[in-house]
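Sequential numbering of the sequence shown, starting at 216, is according to my numbering.
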Amino acid sequence: MIPFKTLRFKISLSLIAFIFITCWVLSFIFVVNDLNRLSEDIQREGEFFAETLVTTIPDLLLNKDYKGINSILENAKKRLAFNYILITDSGGDIVARIDGMTEKEDREIKKISKNILYDGMSIGNVEIGMEIKSLFPRMGKVLLEAFAFSLFFMFIGTFLSIILSRKITRPVEKLSERVMTFTGTGEQEKRFHDGDEVEIMERGFTNMIDSLKKKEAQIEEKNRELLNLAGGISHELNNIINIIIGFSRVLQKEVSAEGEHYRDVENIIREAKKAKVVVENLMDFAKPQEIEQNYFDVAGCLEGCIADLESQIKVQGINIRREYEDSLPLLKGDERQLKEAFFNIILNSVQAMPGGGELTLSCRRHNNNLEIKISDTGEGIPEEIKEEIFEPLFTTRKGARGIGLGLPISRKIIERHKGEISFTSKRGEGTAFYIRIPIE
Numbered sequence: 216m217i218p219f220k221t222l223r224f225k226i227s228l229s230l231i232a233f234i235f236i237t238c239w240v241l242s243f244i245f246v247v248n249d250l251n252r253l254s255e256d257i258q259r260e261g262e263f264f265a266e267t268l269v270t271t272i273p274d275l276l277l278n279k280d281y282k283g284i285n286s287i288l289e290n291a292k293k294r295l296a297f298n299y300i301l302i303t304d305s306g307g308d309i310v311a312r313i314d315g316m317t318e319k320e321d322r323e324i325k326k327i328s329k330n331i332l333y334d335g336m337s338i339g340n341v342e343i344g345m346e347i348k349s350l351f352p353r354m355g356k357v358l359l360e361a362f363a364f365s366l367f368f369m370f371i372g373t374f375l376s377i378i379l380s381r382k383i384t385r386p387v388e389k390l391s392e393r394v395m396t397f398t399g400t401g402e403q404e405k406r407f408h409d410g411d412e413v414e415i416m417e418r419g420f421t422n423m424i425d426s427l428k429k430k431e432a433q434i435e436e437k438n439r440e441l442l443n444l445a446g447g448i449s450h451e452l453n454n455i456i457n458i459i460i461g462f463s464r465v466l467q468k469e470v471s472a473e474g475e476h477y478r479d480v481e482n483i484i485r486e487a488k489k490a491k492v493v494v495e496n497l498m499d500f501a502k503p504q505e506i507e508q509n510y511f512d513v514a515g516c517l518e519g520c521i522a523d524l525e526s527q528i529k530v531q532g533i534n535i536r537r538e539y540e541d542s543l544p545l546l547k548g549d550e551r552q553l554k555e556a557f558f559n560i561i562l563n564s565v566q567a568m569p570g571g572g573e574l575t576l577s578c579r580r581h582n583n584n585l586e587i588k589i590s591d592t593g594e595g596i597p598e599e600i601k602e603e604i605f606e607p608l609f610t611t612r613k614g615a616r617g618i619g620l621g622l623p624i625s626r627k628i629i630e631r632h633k634g635e636i637s638f639t640s641k642r643g644e645g646t647a648f649y650i651r652i653p654i655e
C-alpha cells in the first residue's frame, strides 16, 4: 500500500493542518490584540504628556518665556518617542517647536492636540505628533513571541497528531488486513493497492456481499431442486403405499379373520398407513398447500388437538391446564393447517413427559396479535440443540412422527399466516412455545 494513501497519513495530515491553522489564527489574534494595546499605550502616553505641558507652561507662555518652554520640550525629547511637539499662542503663531524624528511623507502621524487654558480662557495650544512606526521595535518583539508560540505548539501538535492517528487507525488497519486475507488479496496487490484502508474494506465487504448473494442464490436454487425432488419422490412413494394398502385390504378380505396370516396383513396395513402419514408430511413440506381463509375459534382448535391425543395423555398421566382469555376474537386463517401446527407442538410436549406432568394451553391478546402458549413440565430442550429444532429432518425421537418434520412444518404454517413462533426452555424444567398470529 502506498504510504501517502494510507488512512493514517490522511488523518495525520488533517490533524497537523488543523493544528497549523489553529496556531496561526491564535497567533494572529494575539498579535492584533497586542498591537492594539501598544497603540493605545502610545495614545495614552502622548495624551499624558500633552496634559502635563498644558498644566506646566501657561505661566511661561503668558510671560513669553519661550526659552523655558523649549527647555521643557528638550527634556521631553529624552523620554518620549514623538515626531514633533508644537506650541502655539492664542493667535495661532508658533512659539516653540521641537522635532523628535525626521518627518517623512510616507509616515503615518497620529496628532494629539490640547488647549492651554488660564483662568478658563484659551491662551494657546499644544500639538504632539506621534509616529505610528515608532511602534515597530515593540511590534517586532510581539511578532517574535507569536512566532515562537506557534512554532512550539505546532511541533507538539504534530507529535501528538502522529500518536493519535496511530491509535485511531491501528484497529482499522488490522481489520483491513483481515478483510484482504479473507478475500484472498495477494501480497503484490496489497502492497500497491490504490486507496486507504477504509476503501479497501469497502471493496472487500462489497465483494463478500456479492459472493454471499451468489452463494445464497445457488443454495436457494439447490433447495428448490431438492424440494421438487423430495415432492416428486414423495408423490411416487405415496402412490406405491396406496397400492400396497389397496392390495393388502383385498388380501385381508380373502384371508380368514381366524387365520394365522390375518394379523400379518393387518400389521402391513397399519405400518403402511404410518408410512403414508410420513410421506404426506414430506409432501406438505416440499410443496405447501394453499391457505384457506376462514374465521375459527382457536381455543376450539386447541381442544380438538387434545381430543386427538386424549388416550396418550391419559396413559401418561398428564394434567391439562387451560388459560383461555375471555372474549377471544376469532382468528382468520386455515384451521386445518393451523391445527396441524398446534398438534405437532402439543405432541412434542406430550412426548417430553413420558412419566406424567402438566401441559398448559394459554390463549390471549398480545398487542394486535393472538398469542398461543403451549408449555410443558418435561425434560426440556438441551442447550446444544436449541438452534436446530426447526431444521428439517432433525429429530431425537423415532416413530411415525419421528423424522424431524413436525416443528419445521409447524413453523412454515405459522409463517404462512404472517405469524411467528419462539420458545424458551430450561433443562429439567420444561419448554414453552409462543405462537403469535396477527388478528385481522
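We treat Cβ as the ideally placed atom computed from N, Cα and C, and that holds for glycine.
Neighbourhood of Y649 by C-beta distance below 6 Å, restricted to the same chain and skipping five residues each side: Residue mapping note: residue 649 aligns to position 434 of the sequence shown, counting from 1. Sequence-distant partners of Y649 (beyond 5 residues in either direction) whose C-beta falls short of 6 Å from its own C-beta, in its chain, are K588 and S637.
Between the CA atoms of I456 and G570 - distance to the nearest angstrom: Here residue 570 refers to the residue found at position 355 of the sequence shown. Here residue 456 refers to the residue found at position 241 of the sequence shown. If you take the alpha carbons of G570 and I456, they lie about 35 Å apart.
Nearest-angstrom Cβ-Cβ length linking A265 and N285, presumed shorter than 8 Å: The count along the sequence shown starts at 1 and reaches residue 265 at position 50. The count along the sequence shown starts at 1 and reaches residue 285 at position 70. Contact between A265 and N285 does not hold, since their C-beta atoms are separated by about 17 Å, which reaches or exceeds 8 Å.
Beta-carbon contacts of T575 that lie in its chain and below 6 Å, excluding the five residues immediately before and after: To locate residue 575, count along the sequence shown from 1; it is residue 360. The residues are R536 and S590.
Of the residues K633, H581, E594 and S640, the one placed nearest E602, counting alpha carbons only: Translated into the one-based positions of the sequence shown, residue 602 becomes position 387. The option with the nearest alpha carbon to E602 is S640.
Cβ-based neighbour list, R485, same chain, cut-off 7 Å, excluding 5 preceding and 5 following: Numbered from its first residue, the sequence shown carries residue 485 at position 270. Closer than 7 Å at Cβ, skipping near neighbours: no residue.
Cα-Cα separation between D737 and K326, rounded to whole angstroms: The requested residue 737 does not occur in the structure, where the chain is confined to residues 216 to 655.
Beta-carbon proximity list for H476, same chain, < 7 Å, skipping 5 on both sides: By one-based count along the sequence shown, residue 476 stands at place 261. Excluding positions up to five away in sequence, the list reads V470.
Contacts around F235, its chain only, beta-carbon distance under 7 Å, and the 5 residues preceding and following it disregarded: Numbered from its first residue, the sequence shown carries residue 235 at position 20. Contacts found: M369.
Three-state secondary structure (DSSP) of F605: Against the sequence shown, residue 605 aligns to sequence position 390. It is coil, neither helix nor strand.
Continuous beta strand (DSSP E) stretch holding F642: start and end: Against the sequence shown, residue 642 aligns to sequence position 427. As written in the sequence, residue 642 is Arg, which differs from the Phe given in the question. Neither: R642 is in no beta strand (DSSP E) and is coded neither H nor E.
Spatial distance of T303 from D314 (CA atoms): Counted from its first residue, the sequence shown places residue 303 at position 88. Counted from its first residue, the sequence shown places residue 314 at position 99. Cα to Cα, T303 sits roughly 15 Å from D314.
S242 (DSSP reduced to helix, strand or coil): Against the sequence shown, residue 242 aligns to sequence position 27. Here S242 sits in helix by DSSP.
Per DSSP, the bridge partner or partners of C516: The sequence position of residue 516 within the sequence shown is 301, counting from 1. According to DSSP, C516 bridges with nothing at all.
Contact under 8 Å by Cβ, V240 with A361: Your numbering for residue 240 matches position 25 in the sequence shown. Your numbering for residue 361 matches position 146 in the sequence shown. It is not a contact, given that the beta carbons lie outside the stated cut-off.
Where E573 sits in the DSSP three-state scheme: What you label residue 573 is simply residue 358 of the sequence shown in a count that begins at 1. Correct three-state label for E573: strand.
Cut-off 8 Å between Cβ atoms - residues of its own chain near S229, not counting five sequence neighbours on either side: Numbered from 1 along the sequence shown, position 14 holds the residue referred to as residue 229. Taken in chain order, the list of residues that qualify is empty.
Buried/exposed call for D549, threshold 16 Cβ in 10 Å: In the sequence shown, residue 549 corresponds to position 334, counting from 1. Counting Cβ neighbours within 10 Å, D549 comes out buried, since at least 16 surround it.
Assigned exposure category for T421 - 16 Cβ within 10 Å defines buried: As a position in the sequence shown, residue 421 is number 206, starting the count at 1. Counting the other CB atoms within 10 Å of its CB gives T421 a total below 16, which places it among the exposed residues.
Buried or exposed by the 16-neighbour rule on C-beta atoms within 10 Å, applied to K554: Your numbering for residue 554 matches position 339 in the sequence shown. Result: buried.
A311 - containing beta strand (DSSP E), residue span: In the sequence shown, the residue the question calls residue 311 occupies position 96. I309 to D314 is the span of the beta strand (DSSP E), which, as asked, contains A311.
Nearest-angstrom Cα separation, counted from R418 out to K491: If you number the sequence shown from 1, residue 491 lands on position 276. If you number the sequence shown from 1, residue 418 lands on position 203. Their backbone Cα atoms lie some 53 Å apart in a straight line.
Residue interval of the beta strand (DSSP E) (run including D304): To locate residue 304, count along the sequence shown from 1; it is residue 89. Residues Y299 to D304.
Buried or exposed (CB count within 10 angstroms, at least 16 for buried), E402: Looking up residue 402 in the sequence shown gives position 187. With a pLDDT of only 45 at E402, under the threshold of 50, the placement of this residue in the model should not be trusted; the figure read from the coordinates follows. So E402 counts as exposed.
First through last residue of the beta strand (DSSP E) which encompasses I533: Within the sequence shown, numbered from 1, the residue matching residue 533 stands at position 318. Note, I533: beta strand (DSSP E), I533 to Y539.
Cα-Cα separation, G307 to G339: Start at 1 with the first residue of the sequence shown, and residue 307 comes out as number 92. Start at 1 with the first residue of the sequence shown, and residue 339 comes out as number 124. If you take the alpha carbons of G307 and G339, they lie about 7 Å apart.
Three-state class that DSSP yields for M336 in the structure shown: The sequence position of residue 336 within the sequence shown is 121, counting from 1. Strand, per DSSP.
Distance between E644 and G572 (C-alpha atoms, nearest Å): As a working note, residue 572 is residue 357 in the sequence shown. As a working note, residue 644 is residue 429 in the sequence shown. Whole-angstrom Cα-Cα distance: 11 Å.
K428 - DSSP class collapsed to helix/strand/coil: Residue 428 sits at position 213 when you count from the first residue of the sequence shown. In the structure shown, K428 sits in a helix (DSSP, three-state: H, G or I).
Residue span of the beta strand (DSSP E) that contains L585, given as start and end: Locating residue 585 in the sequence shown gives position 370, counting from the first residue. L585 -> beta strand (DSSP E) spans N584 to D591.
Beta-ladder partner(s) of I650, from DSSP: Against the sequence shown, residue 650 aligns to sequence position 435. I587 and I636, per the DSSP bridge assignment.
Limits of the unbroken alpha helix (DSSP H) element including K279: Here residue 279 is taken as the residue at index 64 of the sequence shown, counted from 1. It is not in any alpha helix (DSSP H) - K279 carries neither H nor E in the DSSP assignment.
I533 versus L546, I561, G515 and L543, residue with shortest Cα-Cα distance: Locating residue 533 in the sequence shown gives position 318, where the first residue counts as 1. Of the candidates L546, I561, G515 and L543, the one whose C-alpha sits nearest the C-alpha of I533 is I561.
Boundaries (first-last residue) of the alpha helix (DSSP H) holding L546: By one-based count along the sequence shown, residue 546 stands at place 331. Taken as a continuous stretch (DSSP letters only), L546 belongs to no alpha helix (DSSP H), being part of the beta strand (DSSP E) at L546 to G548.
Under 8 Å between C-beta atoms of A487 and S449: On the sequence shown, residue 487 is found 272 positions in, with the first residue counted as 1. On the sequence shown, residue 449 is found 234 positions in, with the first residue counted as 1. Their beta carbons are not under 8 Å apart, which means A487 does not touch S449 by this criterion.
N- and C-terminal bounds of the alpha helix (DSSP H) containing I629: The sequence position of residue 629 within the sequence shown is 414, counting from 1. Start and end: G621 to R631.
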